[in-house]
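S.K.: Quick note on the working numbering: the sequence shown kicks off at 181 and runs consecutively.
For glycine and all other residues, C-beta sits at the position ideal for the given N, C-alpha and C.
Sharing a structure below in C-alpha cells format, with a few things to ask.
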Amino acid sequence: MANMPIDEIVIAPGGIEQNYWHELWRYRELFQVLAWRDVAIRYKQTVIGVAWAVVRPLLTMVVFTLVFGRLAKLPSDGGAPYAVMVFAGVLPWTFFSTALADASNSLVANANLIGKTYFPRLIVPAAAILASAVDFVIGLAILAAILVWFGVVPGWQIVFLPAVLIATFLASFGPGLWITAVNVRYRDFRYVVPFLIQLGLYVSPVGFSSGIVPATWRLVYSLNPMVGIIDSFRWCILGERSPLYWPGLGLGAASIAVMLWLGLRQFRKLEKGFADLL
C-alpha cells in the first residue's frame with residue numbers, strides 16, 4: 181500500500197486556455213464529421229443545391245458586367261475582360277458571404293448537439309465555414325471555363341491562390357464567431373446578418389475595380405478586409421494587369437486579425453452559457 185503511486189492534480193494559471201486549444205485538436209474528427217454532414221445536407225438528394233452554386237455567381241457576374249461595365253462604363257483592370265474581372269471578385273465574395281451566414285446561425289442550428297454533449301463549441305462555426313468552401317471549389321471550375329472562353333492565362337501569381345482562400349476563411353471566421361455568439365442570446369439578431377451581407381456587397385469592389393476609388397480615400401477604403409482579399413484574388417488571376425495596393429493590403433490584413441481576435445474573445449466569453457441558452 182505504501183508503494184502505490186499517488187495521483188496529483190495540478191492547477192496552473194492559464195490551464196483552462198491551454199487545455200481548450202488541446203481539446204480542439206482532440207476533437208478534430210468531430211470537426212470533420214460536422215463539416216461533411218453540412219456538405220451532405222446541402223447537396224445530397226437535391227439538384228438546386230449544386231445548381232445554385234453555379235447559377236448565383238454567374239447571374240451576379242452578368243448583372244454587374246451589364247450595370248458597371250456596359251451602362252456605367254467603368255474601366256476594367258489592365259484592359260482585362262470586364263466579365264473576368266467581375267467573376268474574380270464575385271467568387272471570393274460569395275465564399276465570404278455564404279461562410280459568414282452559415283457560421284452566424286451554426287450554434288442555433290446545432291442546439292440539440294450542444295445541449296447533450298461536451299466538445300469545444302468553436303468546432304461548430306469552423307465546420308460550417310469549411311462546408312461553404314465546397315461552393316468556392318465549384319466556382320473555381322466555372323472560373324477556369326470563363327478564362328478559357330476569354331483566352332486569359334493566369335501568370336505565376338496563381339500559386340498564391342490558396343493563401344487568399346485562407347485569408348477569406350479567416351475574414352469570415354472572426355465576424356462569424358462574434359455574430360453566432362450574440363445570436364445565441366439574442367435570436368432576432370439573425371435578421372440583421374442578411375442586411376449586413378447585402379450592404380457589404382455594394383461597399384466591396386465586387387462589380388468594379390478598387391482602382392477607381394480616389395487615392396485620398398483608398399487607404400480608408402481598405403479598412404474593409406474584403407477589399408484586399410478581392411484585389412489579391414484578381415491579382416492571382418490577372419497578374420500585373422491588376423496590381424496590388426500594398427498599403428491597403430497590409431491594412432486589410434490588420435483588420436482581419438483584429439476582427440478575428442474580437443470574435444474569438446467574444447465567443448470564449450459567452451461559450452460557457454451556450455448550453456443553458458440553447
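Please specify which runs of the alpha helix (DSSP H), each continuous and at least 4 residues long, are wholly inside the region 379 to 444, giving them in chain order.
M.R.: Listed in chain order, they are 395 to 401 and 405 to 418.
S.K.: Roughly how many angstroms separate the alpha carbons of SER384 and PRO300, rounded to a whole number?
M.R.: 33 angstroms
S.K.: Once you ignore the five residues that flank SER277 on each side, which residues in its own chain have a CB closer than 6 angstroms to its CB?
M.R.: ILE377
S.K.: Going along the chain, which residues of its own chain have a beta-carbon closer than 7 angstroms to the beta-carbon of LEU302, five neighbours each way excluded?
M.R.: LEU204 and PHE447
S.K.: Is DSSP giving LEU204 helix, strand or coil here?
M.R.: The answer is helix: DSSP assigns LEU204 an H, G or I state.
S.K.: In three-state DSSP terms, what is ASN363?
M.R.: helix
S.K.: Report the option in THR297, GLY335 and VAL372 whose CA atom is closest to the CA atom of LYS452.
M.R.: THR297
S.K.: How long is the line joining the alpha carbons of LEU442 and PHE330, rounded to whole angstroms?
M.R.: 42 angstroms
S.K.: Whole alpha helix (DSSP H) runs in the region 309 to 365 with 4 or more residues, listed along the chain?
M.R.: 341 to 365
S.K.: Please report the residue range of the alpha helix (DSSP H) in which PHE248 lies.
M.R.: Neither: PHE248 is in no alpha helix (DSSP H) and is coded neither H nor E.
S.K.: Is the beta carbon of VAL386 closer than 9 angstroms to that of VAL266?
M.R.: Taking 9 angstroms as the Cβ cut-off, VAL266 and VAL386 qualify as a contacting pair.
S.K.: Taking the alpha carbon of SER402 as the point to measure from, which residue in ALA307, TRP426, ILE359 and LEU350 has its own alpha carbon closest?
M.R.: TRP426
S.K.: Three-state secondary structure (DSSP) at ALA231?
M.R.: In the three-state DSSP reduction, ALA231 falls in the helix class (H, G or I).
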